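Enquirer:
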Amino acid sequence: MSLTGKHILSSDLFDRGELERLFELADVLTPVARGRQVTRILEGAVMASLFFEASTRTRLSCEAAFMRLGGGVTTTTGAEIMSIAKGESLADTSRVVSGYCDLIVMRHPEEAAVHEFAAATNIPVINGGNGAGEHPTQALLDMFALHREFTRTGVTLDGRRIALVGDLRHGRTVHSLMRLVTLYEDLTIVCVAPEPLGMPVHLLELAESRGHTVELSDQPEIGLKDADLVYATRLQTERFADRPMPYSDAFRIDKALVSRVCREDAVIMHPLPRDGRPGSNDLATDLNDDPRLAVFRQTDAGIPMRMALFSSVLGVADAVPDSLRPAAWYRPDYTGPHDAPFYKNIAT
Amino acid sequence: MSLTGKHILSSDLFDRGELERLFELADVLTPVARGRQVTRILEGAVMASLFFEASTRTRLSCEAAFMRLGGGVTTTTGAEIMSIAKGESLADTSRVVSGYCDLIVMRHPEEAAVHEFAAATNIPVINGGNGAGEHPTQALLDMFALHREFTRTGVTLDGRRIALVGDLRHGRTVHSLMRLVTLYEDLTIVCVAPEPLGMPVHLLELAESRGHTVELSDQPEIGLKDADLVYATRLQTERFADRPMPYSDAFRIDKALVSRVCREDAVIMHPLPRDGRPGSNDLATDLNDDPRLAVFRQTDAGIPMRMALFSSVLGVADAVPDSLRPAAWYRPDYTGPHDAPFYKNIAT
Amino acid sequence: MSLTGKHILSSDLFDRGELERLFELADVLTPVARGRQVTRILEGAVMASLFFEASTRTRLSCEAAFMRLGGGVTTTTGAEIMSIAKGESLADTSRVVSGYCDLIVMRHPEEAAVHEFAAATNIPVINGGNGAGEHPTQALLDMFALHREFTRTGVTLDGRRIALVGDLRHGRTVHSLMRLVTLYEDLTIVCVAPEPLGMPVHLLELAESRGHTVELSDQPEIGLKDADLVYATRLQTERFADRPMPYSDAFRIDKALVSRVCREDAVIMHPLPRDGRPGSNDLATDLNDDPRLAVFRQTDAGIPMRMALFSSVLGVADAVPDSLRPAAWYRPDYTGPHDAPFYKNIAT
Numbered sequence: 001m002s003l004t005g006k007h008i009l010s011s012d013l014f015d016r017g018e019l020e021r022l023f024e025l026a027d028v029l030t031p032v033a034r035g036r037q038v039t040r041i042l043e044g045a046v047m048a049s050l051f052f053e054a055s056t057r058t059r060l061s062c063e064a065a066f067m068r069l070g071g072g073v074t075t076t077t078g079a080e081i082m083s084i085a086k087g088e089s090l091a092d093t094s095r096v097v098s099g100y101c102d103l104i105v106m107r108h109p110e111e112a113a114v115h116e117f118a119a120a121t122n123i124p125v126i127n128g129g130n131g132a133g134e135h136p137t138q139a140l141l142d143m144f145a146l147h148r149e150f151t152r153t154g155v156t157l158d159g160r161r162i163a164l165v166g167d168l169r170h171g172r173t174v175h176s177l178m179r180l181v182t183l184y185e186d187l188t189i190v191c192v193a194p195e196p197l198g199m200p201v202h203l204l205e206l207a208e209s210r211g212h213t214v215e216l217s218d219q220p221e222i223g224l225k226d227a228d229l230v231y232a233t234r235l236q237t238e239r240f241a242d243r244p245m246p247y248s249d250a251f252r253i254d255k256a257l258v259s260r261v262c263r264e265d266a267v268i269m270h271p272l273p274r275d276g277r278p279g280s281n282d283l284a285t286d287l288n289d290d291p292r293l294a295v296f297r298q299t300d301a302g303i304p305m306r307m308a309l310f311s312s313v314l315g316v317a318d319a320v321p322d323s324l325r326p327a328a329w330y331r332p333d334y335t336g337p338h339d340a341p342f343y344k345n346i347a348t
Numbered sequence: 001m002s003l004t005g006k007h008i009l010s011s012d013l014f015d016r017g018e019l020e021r022l023f024e025l026a027d028v029l030t031p032v033a034r035g036r037q038v039t040r041i042l043e044g045a046v047m048a049s050l051f052f053e054a055s056t057r058t059r060l061s062c063e064a065a066f067m068r069l070g071g072g073v074t075t076t077t078g079a080e081i082m083s084i085a086k087g088e089s090l091a092d093t094s095r096v097v098s099g100y101c102d103l104i105v106m107r108h109p110e111e112a113a114v115h116e117f118a119a120a121t122n123i124p125v126i127n128g129g130n131g132a133g134e135h136p137t138q139a140l141l142d143m144f145a146l147h148r149e150f151t152r153t154g155v156t157l158d159g160r161r162i163a164l165v166g167d168l169r170h171g172r173t174v175h176s177l178m179r180l181v182t183l184y185e186d187l188t189i190v191c192v193a194p195e196p197l198g199m200p201v202h203l204l205e206l207a208e209s210r211g212h213t214v215e216l217s218d219q220p221e222i223g224l225k226d227a228d229l230v231y232a233t234r235l236q237t238e239r240f241a242d243r244p245m246p247y248s249d250a251f252r253i254d255k256a257l258v259s260r261v262c263r264e265d266a267v268i269m270h271p272l273p274r275d276g277r278p279g280s281n282d283l284a285t286d287l288n289d290d291p292r293l294a295v296f297r298q299t300d301a302g303i304p305m306r307m308a309l310f311s312s313v314l315g316v317a318d319a320v321p322d323s324l325r326p327a328a329w330y331r332p333d334y335t336g337p338h339d340a341p342f343y344k345n346i347a348t
Numbered sequence: 001m002s003l004t005g006k007h008i009l010s011s012d013l014f015d016r017g018e019l020e021r022l023f024e025l026a027d028v029l030t031p032v033a034r035g036r037q038v039t040r041i042l043e044g045a046v047m048a049s050l051f052f053e054a055s056t057r058t059r060l061s062c063e064a065a066f067m068r069l070g071g072g073v074t075t076t077t078g079a080e081i082m083s084i085a086k087g088e089s090l091a092d093t094s095r096v097v098s099g100y101c102d103l104i105v106m107r108h109p110e111e112a113a114v115h116e117f118a119a120a121t122n123i124p125v126i127n128g129g130n131g132a133g134e135h136p137t138q139a140l141l142d143m144f145a146l147h148r149e150f151t152r153t154g155v156t157l158d159g160r161r162i163a164l165v166g167d168l169r170h171g172r173t174v175h176s177l178m179r180l181v182t183l184y185e186d187l188t189i190v191c192v193a194p195e196p197l198g199m200p201v202h203l204l205e206l207a208e209s210r211g212h213t214v215e216l217s218d219q220p221e222i223g224l225k226d227a228d229l230v231y232a233t234r235l236q237t238e239r240f241a242d243r244p245m246p247y248s249d250a251f252r253i254d255k256a257l258v259s260r261v262c263r264e265d266a267v268i269m270h271p272l273p274r275d276g277r278p279g280s281n282d283l284a285t286d287l288n289d290d291p292r293l294a295v296f297r298q299t300d301a302g303i304p305m306r307m308a309l310f311s312s313v314l315g316v317a318d319a320v321p322d323s324l325r326p327a328a329w330y331r332p333d334y335t336g337p338h339d340a341p342f343y344k345n346i347a348t
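Chains as they are written, first to last, in the UniProt record's numbering: chain L, 1 to 348; chain F, 1 to 348; chain H, 1 to 348.
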């Protein structure tokens, strides 16, 4: 399958072969993402960045990735685009903007909007998040980060024990991850959540139908044990405003818990943002200097993965390697003060 | 007349010769607009995009056009720019921003603002819409689209029958069009509007003074007959909130009406956005697969025309042809799913 | 000292030697800032422009400067970034965005925020204004403008008489200027302010400890006399809403006052924006055609100075001169209609 010219609306689009081709390209592009090399492969191309709903993180990452490839970006966000489109169909907006650009990245609060948008244009549309639906570029960057975490020691993801923790019912990120991670083989997937916030049954069934072992737990103290990967998400206390919370603060993943129950070589991920305030049932910031915490390596993976996706969709993937040249400006060896313990083990 | 260094505040600036020079340049730049060729003629130049009033459409089109020429764009919109300029004169804002850039595109809700702005700087200011005033780049793209529609079959606009339909009293777009289209010869211009929303008399007189025939009608069923061009605009029902509407829903231009009364080779245009909701008195979306509907070809014309204008104002028009090189990325043959029936007839 | 890789949070970072190296580089880059030359020294680099608080002026100037160096810019402002960061620590936001870019320019309403931000990343952070704190790039551009004003006639700033006028208590701009201007020698600094709005004592002491003469006055009519430089700032009437204003309108610096008391070759500066409305106690617009008014030369100085700073921080300063090539597009000889009387004396 070639991705050239495709809309990227769902993570269902990818099989393992396609994932691995994207990982290879993202590896080649990592020095560009880190400001060590330059490519101008998309010089002259224009991306339209249409965020009907605010999302600084995804938007900035996609825009930076497209610019790193040499392209230009024109942006509109939130209130502005919503107000002036009064009465205009999404199909018209889509077709009009398509005349301005070569690629569209959009986010919209309504799940159906991105599909209406894509149906009205031949220009590739990348789903940057559609309501409670999908967020395929986040799923891809999560998989690329996972792939890097496990291959750095010469092994693969196959056969690993994976703990998914937190609100597994409402998170589109963890749902997309379930679809992609189960493309690997022989996993044990431990879903760790308070009972009312468990993983949807159809996703558990998907995992089992692909030959994986599924376990359920409502206690992190038990569920995180022996996991190679802990993928944490936030428990949103406010969902239970008027009722007693159906869980204790055991779902706070902090230094104490990790020290007690996690493997020495575990990998801890989280899609971010995490609630760093005291008392939040989320991944705690006291883990920042623990090399097992992979959340910043994970977010960093978004740039090379999105570059890989954009260059594949625009049909220039094969030409990327020959387009690279050294960058001349200063870039620190490590992006953040806590990066070193991990990166010392791999080539950057 | 050379456009180099000129402010572009009104469509009155252009005569037919200047229009045709811009059309020629826009033709040369069309492959760049469509992602088939690349130019970097304005590499290093900076455009300031100052939208004191929101306008995603015009803003994104201007920004994409400038980036397609190789330049960079810095943008500010709406609330942000208005709040911090508290107490500062427009003249100061203009002169300050002029020190940052080589070209300013601005939109402002007050008609006089763009003139104050232009008076305070030697950097070219492009009017992106000033209240009820003018919108010259929209008028230019309309004319370029018209020119392309009529010349694709080897004829020109001269001698044609043109129906302008809808609210002809309040639309700055259709007023600017009147000024430019009457630079051609021997037209029959049919103004089709409910009586209270008719074309201003001074524009009717302008058309007659330039030797054209003017006809008035308040019935689309009659007014659209035999027209080579139908230029539709929205009837804003809300203007008559408390009174009975002075017209029927005959002003809905839909498939049924077009089938009954329009020529087989008519061209149907509209400045967009159009109100696509049921019951709107506007151009209907059920015409989308009718090749006579030129609205997307029309909006697409904005990129090459704005590129032609910017490169003329910045004095690089003559150097454009030698600056072109092929683009390497994927771009669909047709931007939208309904484009093909028209484009099969002409070189893209 | 090398600026490569440094955070630029305070103007205290600079000594006179560093200032003069930046002036030299800014001189080299002035033709790029004025659209006469092009450099692509930062082609492929990305700047993140994070304005938690609106600031069109500083933001557009920084973005244009980075683009003039060849880099790309991704931007977020105000409401958008503040709302989605709910619960996330500034440290997380900083580290995440650092994975997207090579340089961060940020403004934040809270003084401590920029320090938290910088502590969480190795990517250089430029303070674009932190509440009542500092605004070092404004201080640098002020100093570069001052340097240019005085060296154009072959002399330096040393030994000059400088009048600082207006609200000297609350303005971070004038505080930063005090820190930098006192790096020069043998100045007479006249602080002209109503008594309750005087310069903070520790800054007066700083000036005296560096060997300068300090004088105080509450009457512009006297304080401006014989000054080589008049640096005006706005008196904010609204601070005294419920009390009688502790000063007359003598603090309006207009043509009449300047004609009466200022030297023929005085230089009049102001950080802008100025309140141009009738009755404001600010620098008046009736001075616009007086060549002593340096405010637009001052704001223009922001582009080359910010280019000099960015290229120094990113370690490419030495490579700048060889990277220059001529620009081909139109650029007026003078940016504003009142520029000529000054610029006729110096090479542009």
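Heads up, the beta-carbon is just placed ideally off N, CA and C, and yes, glycines get one too. Please read these numbers as outputs of a predicted model, since none were measured by experiment.
Between the alpha carbons of arginine 331 of chain L and proline 31 of chain L, how many angstroms are there, rounded?
Expert: Looking up residue 331 of chain L in the first sequence gives position 331. Looking up residue 31 of chain L in the first sequence gives position 31. The alpha-carbon atoms of arginine 331 of chain L and proline 31 of chain L are separated by roughly 11 Å.
Enquirer: Any idea which residues DSSP pairs alanine 26 of chain H with across the strands?
Expert: Walking along the third sequence from the start, residue 26 of chain H turns up at place 26. DSSP lists no partner for alanine 26 of chain H.
Enquirer: Give the single residue among H/His338, H/Ser312, H/Ala340 whose Cα lies nearest to the Cα of leucine 42 of chain H.
Expert: Here residue 42 of chain H refers to the residue found at position 42 when the third sequence is read from its first residue. Nearest of H/His338, H/Ser312, H/Ala340 to leucine 42 of chain H, Cα basis: H/Ser312.
Enquirer: Is lysine 344 of chain L helix, strand or coil when you go by DSSP?
Expert: Here the question's residue 344 of chain L lines up with position 344 in the first sequence. Confidence is the limiting factor: at lysine 344 of chain L the pLDDT is only 48, short of 50, which leaves the residue's position unreliable, though a coordinate-based value still follows. Lysine 344 of chain L: coil per DSSP, three-state reduction.
Enquirer: Strictly below 8 Å CB to CB, what residues from chain B border alanine 48 of chain L?
Expert: Of the protein chains in the structure, L, F and H, none is chain B.
Enquirer: Taking Cβ to Cβ, would you say methionine 67 of chain F is nearer than 8 Å to valine 38 of chain L?
Expert: Counting from one through the second sequence, the residue named residue 67 of chain F turns up at place 67. Counting from one through the first sequence, the residue named residue 38 of chain L turns up at place 38. No.
Enquirer: Helix, strand or coil for proline 271 of chain H per DSSP?
Expert: Taking the third sequence and counting its residues from 1, the one referred to as residue 271 of chain H is at position 271. Looking at proline 271 of chain H - three-state DSSP - the assignment turns out to be coil, as it is neither helix nor strand.
Enquirer: Just confirm the distance between the C-beta atoms of threonine 182 of chain F and histidine 212 of chain F, as a whole number of angstroms; I'd bet it's less than 8 Å.
Expert: Position 182 of the second sequence, counted from the first residue, corresponds to residue 182 of chain F. Position 212 of the second sequence, counted from the first residue, corresponds to residue 212 of chain F. So it is a contact: roughly 6 Å between Cβ atoms.
Enquirer: In chain order, what residues of the same chain have a beta carbon less than 6 Å from the beta carbon of threonine 188 of chain L, not counting five sequence neighbours either side?
Expert: By one-based count along the first sequence, residue 188 of chain L stands at place 188. The residues are Arg161, Thr213.
Enquirer: Look at glutamine 138 of chain H and threonine 173 of chain H and say whether their C-beta atoms are less than 8 Å apart.
Expert: For the purposes of this step, residue 138 of chain H is identified with residue 138 of the third sequence, where counting begins at 1. For the purposes of this step, residue 173 of chain H is identified with residue 173 of the third sequence, where counting begins at 1. Yes. Within cutoff.
Enquirer: What's the C-alpha gap between valine 114 of chain F and isoleucine 104 of chain F?
Expert: The sequence position of residue 114 of chain F within the second sequence is 114, counting from 1. The sequence position of residue 104 of chain F within the second sequence is 104, counting from 1. Distance between the alpha carbons of valine 114 of chain F and isoleucine 104 of chain F: 11 Å.
Enquirer: Kindly indicate the opening and closing residues of the alpha helix (DSSP H) around phenylalanine 296 of chain L.
Expert: Counting from one through the first sequence, the residue named residue 296 of chain L turns up at place 296. Where phenylalanine 296 of chain L is concerned, the enclosing alpha helix (DSSP H) stretches over 295-300.
Enquirer: Note the first and the last residue of the continuous beta strand (DSSP E) segment covering serine 49 of chain H.
Expert: Counted from its first residue, the third sequence places residue 49 of chain H at position 49. Here the beta strand (DSSP E) through serine 49 of chain H covers 46-51.
Enquirer: Where phenylalanine 117 of chain H and phenylalanine 14 of chain H are concerned, what is the direct C-alpha to C-alpha distance, given to the nearest angstrom?
Expert: Along the third sequence, read from residue 1 onward, the residue named residue 117 of chain H stands at position 117. Along the third sequence, read from residue 1 onward, the residue named residue 14 of chain H stands at position 14. Using only the alpha carbons, I get a separation of about 21 Å.
Enquirer: Cβ of arginine 68 of chain L less than 8 Å from any chain F Cβ?
Expert: Stepping through the first sequence from its first residue, residue 68 of chain L is reached at position 68. With 8 Å as the cut-off, arginine 68 of chain L does not count as an interface residue toward chain F.
Enquirer: Just to make sure I have the definition right: I need the residues of chain L whose C-beta is within less than 9 Å of the C-beta of threonine 335 of chain F. Which are they?
Expert: Indexing the second sequence from 1 puts residue 335 of chain F at position 335. Under the 9 Å cutoff, chain L gives Arg95, Ser98, Gly99, Thr121, Asn122, Ile123.
Enquirer: Say whether chain F places a C-beta atom closer than 8 Å to the C-beta of isoleucine 346 of chain H.
Expert: The count along the third sequence starts at 1 and reaches residue 346 of chain H at position 346. No answer about isoleucine 346 of chain H holds up, because its pLDDT of 47 lies below 50 and its placement is not dependable.
Enquirer: Starting from the C-beta of residue 356 of chain F, find all residues in its chain whose C-beta is less than 6 Å away, skip the five residues before and the five after it, and write them out in chain order.
Expert: In the structure as shown, chain F begins at 1 and stops at 348. Residue 356 of chain F is therefore absent and cannot be evaluated.
Enquirer: Report the neighbours of leucine 177 of chain L on chain H: residues whose CB is nearer than 7 Å to its CB, in chain order.
Expert: Taking the first sequence and counting its residues from 1, one reaches residue 177 of chain L at position 177. Under the 7 Å cutoff, chain H gives no residues; its nearest Cβ is about 19 Å from leucine 177 of chain L.
Enquirer: Secondary structure at histidine 202 of chain L, three-state DSSP: helix, strand or coil?
Expert: For the purposes of this step, residue 202 of chain L is taken as residue 202 along the first sequence, with counting starting at 1. Looking at histidine 202 of chain L - three-state DSSP - the assignment turns out to be helix.
Enquirer: For aspartate 300 of chain L, go through chain H and note every residue whose CB falls closer than 7 Å to its CB, in chain order.
Expert: In the first sequence, counting from the first residue as 1, residue 300 of chain L sits at position 300. What aspartate 300 of chain L touches in chain H: Gly99.
Enquirer: Any beta carbon from chain H within less than 8 Å of leucine 314 of chain F's own beta carbon?
Expert: For the purposes of this step, residue 314 of chain F is identified with residue 314 of the second sequence, where counting begins at 1. Chain H, which has a Cβ nearer than 8 Å to the Cβ of leucine 314 of chain F, makes this yes.
Enquirer: Reducing DSSP to helix, strand and coil, say where isoleucine 41 of chain H ends up.
Expert: Looking up residue 41 of chain H in the third sequence gives position 41. In the structure shown, isoleucine 41 of chain H sits in coil (DSSP, three-state: anything other than H, G, I, E or B).
Enquirer: Can you list, in chain order, the residues of the region 246-275 of chain L whose Cβ is nearer than 9 Å to any Cβ on chain H?
Expert: Flagged, chain order: Leu272, Pro273, Arg274, Asp275.
Enquirer: So with CB distances below 7 Å, who are the chain F contacts of glycine 35 of chain H?
Expert: As a position in the third sequence, residue 35 of chain H is number 35, starting the count at 1. What glycine 35 of chain H touches in chain F: Ala45, Asp102.
Enquirer: Show which residues of chain L have a CB atom less than 7 Å away from the CB atom of isoleucine 303 of chain F.
Expert: The count along the second sequence starts at 1 and reaches residue 303 of chain F at position 303. Chain L residues near isoleucine 303 of chain F: Gly99, Tyr100.
Enquirer: Where does residue 407 of chain F land, buried or exposed, given buried means 16+ other C-beta within 10 angstroms?
Expert: Since the displayed chain F opens at 1 and closes at 348, residue 407 of chain F lies outside it and no answer follows.
Enquirer: Short of 8 Å in beta carbon distance, which residues of its chain neighbour threonine 74 of chain L, apart from the five on each side in sequence? Order them along the chain.
Expert: Taking the first sequence and counting its residues from 1, one reaches residue 74 of chain L at position 74. Hits under 8 Å: Val46, Met47, Ala48, Ser49, Tyr100, Cys101.
Enquirer: Indicate whether the contact test is met: 3 or more Cβ pairs, each with one atom in the region 5-22 of chain F and one in the region 134-154 of chain F, closer than 8 Å.
Expert: As far as the Cβ criterion goes, the region 5-22 of chain F touches the region 134-154 of chain F, which means the pair count is three or higher.
Enquirer: In the DSSP assignment, what residue or residues form a beta bridge with residue 356 of chain L?
Expert: The requested residue 356 of chain L is not part of the displayed model; chain L covers only 1 to 348.
Enquirer: Relative to the alpha-carbon of cysteine 62 of chain L, which residue among L/Gly154, L/Asp167, L/Leu146, L/Gly128 has its alpha-carbon at the smallest distance?
Expert: The residue given as residue 62 of chain L occupies position 62 in the first sequence. The residue with the shortest Cα to Cα distance from cysteine 62 of chain L is L/Gly128.
Enquirer: Buried or exposed, going by whether 16 or more other CB atoms sit within 10 Å of the CB of isoleucine 346 of chain H?
Expert: Against the third sequence, residue 346 of chain H aligns to sequence position 346. Unreliable placement is indicated for isoleucine 346 of chain H, whose pLDDT of 47 sits below 50; no coordinate value is reported for it.
Enquirer: So what does threonine 77 of chain H bridge to, in DSSP terms?
Expert: Taking the third sequence and counting its residues from 1, one reaches residue 77 of chain H at position 77. For threonine 77 of chain H, which the question treats as bridged, DSSP gives the partners H/Phe51.
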